[in-house]
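Participant: Submitted below is the structure of interest, expressed as structure tokens.
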Amino acid sequence: MALSACSASDGGTSSTRDVSSGSRKGQSSTGGGQPAPDAVAPETGRSAAPEGDAESGASTAPDVKAPDYLSTFALDVDTASYGYARRTLGDGRLPAAEDVRPEEFVNSFRQGYERPEGNGFSVNVDGARIGSGKGGDGGTGASDWSLLRVGLATRTAPPASERPPAALTFVVDISGSMSETGRLDLVRKSLTILTDELRDDDSLSLVTFSNEAETRLPMTRVKGNRNRIKDVVAEMEPAQSTNVEAGITRGYEESVEGHREGATNRVVLLSDALANTGDTEAEGILKKIDSARREYGITLFGVGVGSDYGDAFMEQLTNKGDGNTTYVGDETQARKVFVDQLPAHLEIRARDAKAQVAFDRKNVQQFRLIGYENRKVADEDFRNDSVDGGEVGPGHTVTALYAVRLREGASGTVAEATVRWLDPKTRKAQEETGTVTTGAVDTTLWGGENDRLQVAAVAAYFADRLRGGDLPGAPGLGEL
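In my numbering, the protein residues as written are 104 to 583.
Take a look at the structure:
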């Protein structure tokens with residue numbers, strides 16, 4: 104694999120983009136990232152053409168005067184879509200297409216990326232040919248397509264004794280829908296498990312909501328109060344409607360009141376996210392907590408439960424609430440989240456993190472970012488630090504997969520991937536870059552030895568099939 108990396112400080116959609124012709128060489132979009140060698144950035148305001156024959160001019164979409172050589176998106180460490188799909192398939196049902204997000208399937212699997220020694224990210228870029236590259240593609244039409252993997256990783260989490268203390272506000276849904284067998288029981292077990300995992304110097308408050316919200320426990324230091332916390336958790340019983348607005352608003356009020364300087368202040372929402380009372384739109388709810396989120400740096404972590412689950416609603420809340428979301432279907436998964444993940448990942452290592460991939464027009468004819476539809480960022484806003492990105496904690500990895508169609512005889516640079524983020528303490532912008540060449544995508548995907556790339560590919564292809572997609576070179580469901 105040919106990979107180079109460098110760092111600097113301060114200074115997508117799933118449609119296929121045809122990058123064959125039409126832009127003025129050397130121009131970059133205003134405020135956007137720097138293109139890879141001989142790449143051409145888009146003219147502001149123009150959209151890119153989807154898949155088509157670049158040489159003949161034929162395309163499945165109208166011709167576009169300025170093809171886009173850049174792909175820009177906010178980082179996402181969510182995994183809820185995969186967890187909920189597992190639950191749905193286990194129940195003998197197919198998940199709704201709108202609830203399937205391929206990036207969350209891919210990010211549910213470990214990739215083994217090299218991690219940085221300090222804060223920030225490592226950038227790992229590689230790939231493989233989807234077909235044989237010699238015309239033998241097994242009928243998939245993928246002989247000239249490759250799969251490009253952009254992998255970003257933060258340094259592993261420090262020992263629990265070394266992380267900053269945490270001030271957590273749990274907002275628990277006790278509405279009627281939570282009376283479904285096992286839902287509230289699972290939440291109780293999850294909170295009981297976490298109470299034992301928290302340090303003595305951590306703090307915890309508890310808010311419940313149904314028709315209205317109620318503070319069950321104000322911000323309380325864990326030391327000497329574990330049994331009291333568990334008693335309050337055990338007393339939760341299902342009530343009536345689901346007023347998520349009331350719960351989150353009260354939760355943020357409690358978090359602000361119990362705010363601790365130097366600590367990680369976070370609201371944790373546990374719900375089936377089936378809002379039916381109060382403001383049921385994520386945007387309206389987020390406006391009510393916006394000042395607390397910005398002024399106090401309070402992040403939102405969503406934990407979804409239940410066979411009927413408002414996946415899209417929860418994702419919107421956490422994406423715009425500077426957080427992430429996961430799904431818990433049983434006690435095993437609850438232990439994974441509340442023992443292995445949440446206590447270790449309470450810190451934030453990067454705020455408003457975005458990635459931009461610049462493709463080289465000499466070697467790349469078309470490309471398609473798999474997933475990240477809800478995380479797309481305008482190319483010109485890559486270095487606009489007022490535009491929201493993603494929050495990433497220690498030990499996290501983010502993977503973006505691209506289906507890439509190389510030109511015949513391609514040689515040299517394929518793409519340059521850059522990640523940009525704000526230091527959570529200083530708010531200073533930093534960047535890290537990795538470059539991939541044609542030599543890194545010369546092996547065959549299915550016949551090679553990169554098992555983790557194959558797993559990522561299977562996860563992406565499976566998710567795309569579930570939502571009715573048509574990725575180049577996708578194996579049949581039986582093969583997957």
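Using N, Cα and C, we set each Cβ at its ideal position, and we do this for glycine too.
Taking the alpha-carbon of Met322 as reference, which of Ile332, Glu398, Thr295 has the nearest alpha-carbon?
Facilitator: Within the sequence shown, the letter at position 219 stands for residue 322. For Met322, the nearest C-alpha among the options comes from Ile332.
Participant: May I have a chain-ordered list of the beta strand (DSSP E) segments no shorter than 3 residues that lie completely inside the stretch 257-299?
Facilitator: For the stretch 257-299, whole beta strand (DSSP E) runs of length 3 or above, ordered along the chain, are 269-276.
Participant: In whole angstroms, what separates the C-alpha of Asp181 from that of Gly285?
Facilitator: If you number the sequence shown from 1, residue 181 lands on position 78. If you number the sequence shown from 1, residue 285 lands on position 182. Taking the straight line joining both Cα atoms gives about 23 Å.
Participant: Reducing DSSP to helix, strand and coil, say where Val325 ends up.
Facilitator: Numbered from its first residue, the sequence shown carries residue 325 at position 222. Residue state, collapsed to three classes: coil.
Participant: Quick one: using the 10 Å Cβ neighbour count with 16 as the cut-off for buried, is Leu377 buried or exposed?
Facilitator: Counting from 1 along the sequence shown, the entry for residue 377 is found at position 274. Leu377 is buried by the Cβ-count criterion.
Participant: If you reduce the DSSP assignment to three classes, tell me which class Gln419 lands in.
Facilitator: On the sequence shown, position 316 is the one that residue 419 refers to. Reduced to three states, the DSSP call for Gln419 is helix.
Participant: What is the residue span of the alpha helix (DSSP H) that Ala513 lies within?
Facilitator: For the purposes of this step, residue 513 is identified with residue 410 of the sequence shown, where counting begins at 1. Ala513 -> no alpha helix (DSSP H), and no H or E assigned at all.
Participant: Taking the alpha-carbon positions, what's the Leu178 to Ala562 distance?
Facilitator: Within the sequence shown, the letter at position 75 stands for residue 178. Within the sequence shown, the letter at position 459 stands for residue 562. Whole-angstrom Cα-Cα distance: 18 Å.
Participant: Tell me the rounded alpha-carbon separation between Ser394 and Ile351.
Facilitator: Reading the sequence shown from its first residue, position 291 is the one you call residue 394. Reading the sequence shown from its first residue, position 248 is the one you call residue 351. Spanning the two alpha carbons is a distance of roughly 13 Å.
Participant: Spatial neighbours of Val310 within its chain, please: C-beta separation below 8 Å, excluding the five flanking residues on both sides.
Facilitator: Within the sequence shown, residue 310 is the residue found at index 207, counting from 1. Here the set comprises Thr272, Phe273, Val274, Val275, Ala316, Glu317, Thr318, Arg319, Gly350, Arg353, Gly354, Glu357.
Participant: Measure the C-alpha to C-alpha separation of Gln130 and Gln469 and round it to an integer number of angstroms.
Facilitator: Your numbering for residue 130 matches position 27 in the sequence shown. Your numbering for residue 469 matches position 366 in the sequence shown. Note that Gln130 scores a pLDDT of 31, beneath 50, so its modelled location is shaky; the value from the coordinates is reported in the next line. Roughly 19 Å separates the two Cα atoms.
Participant: Is the number of C-beta pairs between the stretch 549-562 and the stretch 481-490 that are closer than 8 Å three or more?
Facilitator: No, they do not touch.
Participant: Extract the residue ranges of the beta strand (DSSP E) inside the stretch 508-563, only unbroken runs of 3 or more that lie entirely within it.
Facilitator: Whole beta strand (DSSP E) segments, 3+ residues: 516-525, 532-540.
Participant: Does the Cβ-Cβ distance between Glu519 and Ala461 come in under 9 Å?
Facilitator: Along the sequence shown, read from residue 1 onward, the residue named residue 519 stands at position 416. Along the sequence shown, read from residue 1 onward, the residue named residue 461 stands at position 358. Contact flag set, yes.
Participant: State yes or no: is the C-beta of Pro219 within less than 9 Å of the C-beta of Glu535?
Facilitator: Here residue 219 refers to the residue found at position 116 of the sequence shown. Here residue 535 refers to the residue found at position 432 of the sequence shown. Against a cut-off of 9 Å, the Cβ pair of Glu535 and Pro219 comes out as a contact.
Participant: Assuming contact is defined by CB atoms lying nearer than 9 Å, are Arg524 and Lys439 in contact in what I supplied?
Facilitator: For the purposes of this step, residue 524 is identified with residue 421 of the sequence shown, where counting begins at 1. For the purposes of this step, residue 439 is identified with residue 336 of the sequence shown, where counting begins at 1. According to the sequence displayed, residue 524 carries Trp and not Arg. Not in contact: Trp524 and Lys439 (Cβ atoms no closer than 9 Å).
Participant: Is Arg304 buried or exposed, if buried means 16 or more other CB atoms sit within 10 Å of its CB?
Facilitator: By 1-based counting over the sequence shown, the position of residue 304 is 201. In the sequence as presented, Arg is not what sits at residue 304; that position holds Asp. That one is exposed.
Participant: Roughly how many angstroms lie between the CA atoms of Val408 and Ala415, to the nearest whole one?
Facilitator: Translated into positions along the sequence shown, residue 408 becomes position 305. Translated into positions along the sequence shown, residue 415 becomes position 312. Val408 and Ala415: Cα-Cα distance of roughly 13 Å.
Participant: By alpha-carbon positions, which one of Phe212, Ala366, Thr367, Gly424 ends up nearest to Lys390?
Facilitator: Here residue 390 refers to the residue found at position 287 of the sequence shown. It is Gly424 whose Cα lies nearest to the Cα of Lys390.
Participant: For Thr500, which residues in the same chain have their Cβ closer than 6 Å to its Cβ, ignoring the five residues on either side in sequence?
Facilitator: Locating residue 500 in the sequence shown gives position 397, where the first residue counts as 1. The residues are Gln214, Tyr216, Ala256.
Participant: For Ser282, I'd like the list of residues in its chain whose CB is within less than 8 Å of its CB, leaving aside the five on either flank, ordered along the chain.
Facilitator: Your numbering for residue 282 matches position 179 in the sequence shown. Correct list, in chain order: Pro341.
Participant: Quick one: what's got a C-beta closer than 6 Å to Glu300's C-beta in the same chain, skipping five residues either side?
Facilitator: In the sequence shown, the residue the question calls residue 300 occupies position 197. Excluding residues within five positions, the ones whose Cβ falls inside 6 Å are Val442, Pro446.
Participant: According to the neighbour-count rule (16 or more other Cβ atoms, all chains shown, within 10 Å of its Cβ), is Ala263 buried or exposed?
Facilitator: On the sequence shown, residue 263 is found 160 positions in, with the first residue counted as 1. The residue is exposed, with fewer than 16 neighbouring Cβ atoms inside 10 Å.
Participant: Run through DSSP, which three-state label would Ser249 get?
Facilitator: Counting from 1 along the sequence shown, the entry for residue 249 is found at position 146. Three-state DSSP puts Ser249 in a strand.
Participant: I need the straight-line Cα distance from Gly413 to Arg568, nearest angstrom please.
Facilitator: Taking the first residue of the sequence shown as position 1, residue 413 is located at position 310. Taking the first residue of the sequence shown as position 1, residue 568 is located at position 465. Looking at the two C-alpha atoms, the distance is approximately 21 Å.
Participant: Which of the three DSSP states, helix, strand or coil, is assigned to Asp179?
Facilitator: What you label residue 179 is simply residue 76 of the sequence shown in a count that begins at 1. Coil, per DSSP.
Participant: Excluding sequence positions up to five away, which residues of its chain have a Cβ less than 8 Å from the Cβ of Arg291?
Facilitator: Taking the sequence shown and counting its residues from 1, one reaches residue 291 at position 188. Counting only Cβ-Cβ distances below 8 Å, and skipping sequence neighbours, we find Val336, Ala337, Met339.
Participant: Give the DSSP-derived three-state secondary structure of Thr311 in the structure shown.
Facilitator: Numbered from its first residue, the sequence shown carries residue 311 at position 208. Three-state DSSP puts Thr311 in a strand.
Participant: Taking its Cβ as the centre, do 16 or more other Cβ atoms sit within 10 Å of Asp454, making it buried, or is it exposed?
Facilitator: What you label residue 454 is simply residue 351 of the sequence shown in a count that begins at 1. The question names Asp, yet the displayed sequence has Arg at residue 454. So Arg454 ends up on the buried side.
Participant: Take Gly551 and list the residues in its own chain whose beta-carbon comes closer than 6 Å to its own, dropping the five residues that flank it on each side.
Facilitator: Looking up residue 551 in the sequence shown gives position 448. Within the same chain, Gly551 has close Cβ partners Ala231.
Participant: Which word fits Ala437, buried or exposed, when buried means at least 16 other C-beta atoms lie within 10 angstroms of its C-beta?
Facilitator: Translated into the one-based positions of the sequence shown, residue 437 becomes position 334. Buried, by the Cβ-count rule.
Participant: Could you spell out the range, first to last residue, of the beta strand (DSSP E) harbouring Gln459?
Facilitator: Reading the sequence shown from its first residue, position 356 is the one you call residue 459. Per DSSP, Gln459 belongs to the beta strand (DSSP E) from 453-462.
Participant: Scan the stretch 320-393 and note each continuous beta strand (DSSP E) run of 3 residues or more that stays entirely inside, going in chain order.
Facilitator: Runs found: 367-374.
Participant: Determine the closest residue to Gly474 out of Gly496, Thr541, Ala270, Asp573, with distance taken between C-alpha atoms.
Facilitator: The residue given as residue 474 occupies position 371 in the sequence shown. Selected option, being the one with the closest Cα: Asp573.
Participant: Let me make sure I understand the geometry here. Which of Leu504, Gly496, Gly542 has the alpha-carbon closest to that of Gly512?
Facilitator: Taking the first residue of the sequence shown as position 1, residue 512 is located at position 409. With distances taken between Cα atoms, Gly512 lies closest to Gly542.
Participant: For the candidate residues Thr540, Gln533, Gly498, whose alpha-carbon lies nearest to that of Ser514?
Facilitator: Along the sequence shown, one-based indexing puts residue 514 at 411. Nearest of Thr540, Gln533, Gly498 to Ser514, Cα basis: Thr540.
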